[in-house]
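Novice: With the sequence shown counted from 1, adding 2 to any position gets you the numbering used here. Got a structure here, written out as structure tokens. Questions coming.
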Amino acid sequence: MNSSDGNVVASTTTSATASAPSHRGLRTYLPMIAIALGVLVIDQITKAWANGDWIFSGLDRCNSLVERPALGFCLAFNEGMAFSIGWGSGALISIVVVSVIVTLAVFSRNVSLAQRLVMGAIVGGALGNLIDRGLRPAAPGTLDRGFMGGAVVDFIYSRYWATFNVADMAVVVGGFLLAVAVWRAPEEAPEPSTEPEPSTEP
Numbered sequence: 003m004n005s006s007d008g009n010v011v012a013s014t015t016t017s018a019t020a021s022a023p024s025h026r027g028l029r030t031y032l033p034m035i036a037i038a039l040g041v042l043v044i045d046q047i048t049k050a051w052a053n054g055d056w057i058f059s060g061l062d063r064c065n066s067l068v069e070r071p072a073l074g075f076c077l078a079f080n081e082g083m084a085f086s087i088g089w090g091s092g093a094l095i096s097i098v099v100v101s102v103i104v105t106l107a108v109f110s111r112n113v114s115l116a117q118r119l120v121m122g123a124i125v126g127g128a129l130g131n132l133i134d135r136g137l138r139p140a141a142p143g144t145l146d147r148g149f150m151g152g153a154v155v156d157f158i159y160s161r162y163w164a165t166f167n168v169a170d171m172a173v174v175v176g177g178f179l180l181a182v183a184v185w186r187a188p189e190e191a192p193e194p195s196t197e198p199e200p201s202t203e204p
């Protein structure tokens, strides 16, 4: 084998070795991405159904004067967070949401598969409501609030809780499960010391 052949083999080996970690990194994120996309698709389809988008007829607007069962469906709009906290602060809320998504994406590489799947659900839910703020208009009867000022579509009515949607469920349930998973995760064993133990002989 001449020197040029050796250089080709060495170059090929180096290239394959360098690409292996990138493929492993992508496979690490695939379960999280799949769950996030699944939650996002379900969330957007159910919101379209509730709001009467596409081919759907839509739901009746939620009305406090109408007697409803303890749990049911009706259409509501929210420009804030849960219980309409921060109403009209869509841009600020969106910045916080994007920060949370980026943080979860960064830390998901070093967690278990179960925790990564739960993170995917949280990311999917966060993206679902973020899309509403960016693409939907403001709530009916309110002023246009500009950038990220769209209203989130809610449709799951509860007499004992704020009206919510699939994205909210994914974020809340996912956050609870992630907290439990982190709390129950075994602590890492301390690394053995490499320093020699002191002698006890006289």
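Even for Gly, the Cβ is constructed at its ideal location relative to N, Cα and C.
May I ask whether a heavy atom of the ligand GTP can be found less than 7 Å away from the beta carbon of I133?
Specialist: Among the components of this structure there are no ligands whatsoever, and the ligand GTP is therefore not found.
Novice: Within its chain, find whatever has a CB closer than 8 Å to the CB of D146; leave out the 5 residues flanking it on each side and keep chain order.
Specialist: P139, A140
Novice: Would you kindly report the start and end of the unbroken alpha helix (DSSP H) that includes W185?
Specialist: 168-186
Novice: Which residue comes first and which comes last in the beta strand (DSSP E) that contains S160?
Specialist: 154-160
Novice: Looking only at its own chain, which residues have a Cβ that is under 6 Å from the Cβ of I103, when we skip the five neighbours before and after it?
Specialist: V125, A128
Novice: Beta carbon of F157, beta carbon of L77: below 8 Å?
Specialist: A contact, by the Cβ cut-off of 8 Å.
Novice: At which residue ranges does the segment 22-76 contain complete beta strand (DSSP E) runs of 3 or more residues, listed in the order of the chain?
Specialist: none
Novice: Report yes or no: do three or more beta-carbon pairs, one from the segment 113-124 and one from the segment 167-183, lie closer than 8 Å?
Specialist: yes
Novice: By the 10 Å Cβ neighbour count, where 16 or more other Cβ atoms means buried, how is F149 classified, buried or exposed?
Specialist: exposed
Novice: For a test of the three-state rule: what should DSSP assign to P192, helix, strand or coil?
Specialist: Only weak support exists for where P192 lies, its pLDDT of 44 falling under 50; the value from the coordinates is given anyway. Coil.
Novice: Taking its Cβ as the centre, do 16 or more other Cβ atoms sit within 10 Å of E69, making it buried, or is it exposed?
Specialist: exposed
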